[in-house]
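Since the structure comes first, as structure tokens, the remarks are kept for the end.
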Amino acid sequence: MTSVSPFLSPSKDDTAIARIIADEGEHVAHNYHPLPVVISRGEGAWVTDVEGKRYLDLLSAYSALNFGHGHPALLAAAQEQLNRLTLTSRAYHNDRLGPFAAALAELCGKELVLPMNTGAEAVETGIKVARAWGYRTKGIAPDAATIVVAHGNFHGRTTTIVGFSDDPDARGDFGPFAPGFVPVPFGDASAIEAAITPETAAVLIEPIQGEAGVVLPPDGYLRAVREICTKHGVLFIADEIQSGLGRVGETFACDREGVVPDVYLLGKALGGGILPVSAVVADRDVLGVIRPGEHGSTFGGNPLAAAVGLRVVEMLQSGEFQRRAKLLGEHLEAKLGELVGHGVTGVRAAGLWAGVDIDPAVGTGRDVAERLIARGVLVKDTHGQTIRIAPPLVVRGTELDWAIEQLRVVLAG
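Here the numbering used here runs 97 ahead of the position in the sequence shown, where the first position is 1.
Structure, rendered in structure tokens:
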């Protein structure tokens with residue numbers, strides 16, 4: 098057994114933690130089943146609980162914290178804007194939205210940005226844009242437009258979105274659901290082509306399925322989807338809300354195959370870990386179909402969000418974070434690969450993002466996540482036997498090595 102790392106503070110009893118969790122349970126709806134840790138502070142790749150114990154954060158709030166906790170440049174941008182102006186609504190112009198939209202459009206190689214708040218809002222907006230484009234540009238008959246989606250998808254939790262999920266926990270007791278979505282197997286480009294009809298407006302996929310366990314498509318899949326969509330006059334919508342903005346060692350996961358979709362859906366890391374910021378990004382011939390009054394959000398494009406989002410884009414423009422994710426990701430994948438056959442049955446990785454399948458003989462994914470808490474490492478389980486690893490892109494190689502050693506100890510029992 099490896100000794101407890103010097104990264105960890107001495108353990109204390111969990112009286113305060115238990116009390117806080119119990120109090121939360123009394124007054125917060127139980128739509129989540131959080132792991133038993135109560136975080137009160139964060140810096141870089143580390144967080145500290147209410148009793149002073151430190152943990153290496155290998156979840157990054159599902160990639161919303163790509164730049165770590167409290168990145169100085171992002172905090173400075175937020176503080177400066179907090180002292181000036183936070184919210185106007187889109188009833189008026191503000192002096193931050195234009196620069197943010199211009200920078201984000203340039204990063205994506207597109208012309209227009211439609212700003213929203215959460216990832217699910219970006220997906221809902223993308224669906225509305227695709228349908229409007231289908232009717233107004235492609236000429237699909239009214240109310241007949243369809244969108245091809247993938248099995249195993251996770252695009253959010255709204256009633257429209259869960260209607261085309263195949264996760265029973267997401268769908269159960271929430272119907273009836275909106276029609277117009279055609280699911281096909283993820284990774285099968287021929288199935289996408291077979292599902293396209295004259296009424297198809299778009300193909301909506303995650304380039305890498307995150308919630309499903311960091312499921313990577315076969316090589317050439319994204320290129321094939323791009324070719325099929327172009328051939329049939331269908332929009333290719335890439336949900337890069339988790340996979341985008343540096344996470345996979347490229348600015349976007351689509352970049353791994355040199356593919357440019359018609360529409361990017363962005364969120365999570367776009368808010369710098371400070372506030373929710375999302376966006377739909379596309380060229381004028383697509384986003385231009387939306388007219389005043391047809392879509393909006395009180396907080397979408399607010400000055401504070403735009404100021405933070407602009408700083409995020411500026412940080413990505415240097416390529417530093419993409420390079421770190423690529424190099425450290427290769428190291429992470431190699432280290433995780435050494436665990437296959439030793440409590441791990443499979444590893445899938447792209448940049449600093451990995452899905453690790455736990456041998457049932459060791460326990461469930463949640464069992465492993467809970468045991469790692471005791472050793473100062475935070476991960477999250479998904480779909481029973483899988484844990485997800487997605488550290489902030491500011492993590493150090495030595496920290497990753499230490500975290501993998503803690504996982505090795507936990508797997509060994």
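A virtual CB, placed ideally from N, CA and C, is assigned to each residue, including glycine. Quick caveat: nothing in here was measured; it's all calculated off a predicted structure.
With 16 other CB atoms within 10 Å as the buried threshold, where does residue i fall?
i: T215; result: buried
i: G406; result: buried
i: K328; result: exposed
i: Q482; result: buried
i: N128; result: exposed
i: V383; result: buried
i: E496; result: buried
i: A173; result: exposed
i: V491; result: buried
i: N191; result: buried
i: E203; result: exposed
i: A115; result: exposed
i: V259; result: buried
i: E435; result: exposed
i: V125; result: exposed
i: D266; result: exposed
i: N399; result: buried
i: R97; result: No information on residue 97 is available, as it lies outside the stretch 98 to 510 that the chain covers here.
i: P103; result: Bear in mind that the predicted position of P103 carries a pLDDT of just 41, short of 50, making it unreliable; the figure below should be weighed with that in mind. So P103 counts as exposed.
i: H168; result: buried
i: T99; result: Residue placement at T99 is poorly supported in this model, since its pLDDT is 39, which falls under 50; the coordinates are not used for a value here.
Tell me which residue opens and which closes the beta strand (DSSP E) that residue i is part of.
i: Y189; result: No beta strand (DSSP E) contains Y189, which DSSP labels as neither H nor E.
i: D154; result: R151 to D154
i: T243; result: T243 to A247
i: Y361; result: V360 to L363
i: F278; result: F278 to V281
i: K477; result: K477 to T479
i: A137; result: The sequence given here has Ser at residue 137, not Ala. Looking at the DSSP string, the run of the beta strand (DSSP E) that includes S137 is I136 to E140.
i: R445; result: V441 to A446
i: L372; result: Here L372 belongs to no beta strand (DSSP E), and DSSP marks it neither H nor E.
Mind reading off the beta-carbon distance from residue i to residue j? Whole number of angstroms is fine, and I expect it under 8 angstroms.
i: D263; j: P280; result: 7 angstroms
i: L475; j: L155; result: 6 angstroms
i: R445; j: L209; result: Not quite, the Cβ-Cβ distance comes to about 34 angstroms (not below 8 angstroms), so this is no contact.
i: T243; j: G277; result: 5 angstroms
i: R228; j: A291; result: In fact, because the Cβ distance is near 22 angstroms, the residues do not count as touching under 8 angstroms.
i: G141; j: P488; result: The Cβ separation is near 10 angstroms, so there is no contact.
i: L425; j: G494; result: 6 angstroms
i: L201; j: V386; result: In fact, because the Cβ distance is near 19 angstroms, the residues do not count as touching under 8 angstroms.
i: I455; j: V437; result: Actually they are not in contact, since the Cβ atoms of I455 and V437 sit about 11 angstroms apart, beyond 8 angstroms.
i: A500; j: L132; result: Wrong, their Cβ atoms sit about 16 angstroms apart, outside the cutoff.
Would you list the one or two residues that DSSP bridges to residue i?
i: I486; result: A451
i: K432; result: Paired residue(s): none; K432 is not in a bridge.
i: Q306; result: V312
i: H166; result: G141
i: I334; result: L301 and V360
i: P212; result: A376
i: V474; result: L153
i: D146; result: I136
i: V437; result: V441
Output the boundary residues of the alpha helix (DSSP H) element that contains residue i.
i: K207; result: First-last for K207: undefined, no H or E at that position.
i: T257; result: T256 to V259
i: S287; result: A286 to A292
i: H127; result: Run containing H127: none; DSSP gives neither H nor E here.
i: Y232; result: Unbroken run through Y232: none, as it is neither H nor E.
So is residue i in contact with chain E if we call contact Cβ pairs under 9 angstroms?
i: I371; result: Of the protein chains in this structure there is only one, and it is not chain E.
Three-pair Cβ contact test at 8 angstroms for the segment 175-189 versus the segment 411-431: no
Segment contact flag, the segment 188-197 with the segment 304-315, C-beta cutoff 8 angstroms, min 3 pairs: no
Inter-stretch contact (C-beta, 8 angstroms, three-pair minimum) for the segment 292-303 and the segment 243-250: yes
Cβ contact (3+ pairs, closer than 8 angstroms) linking the segment 365-380 and the segment 143-150: no
Any 3 or more C-beta pairs closer than 8 angstroms across the segment 344-359 and the segment 266-273: no
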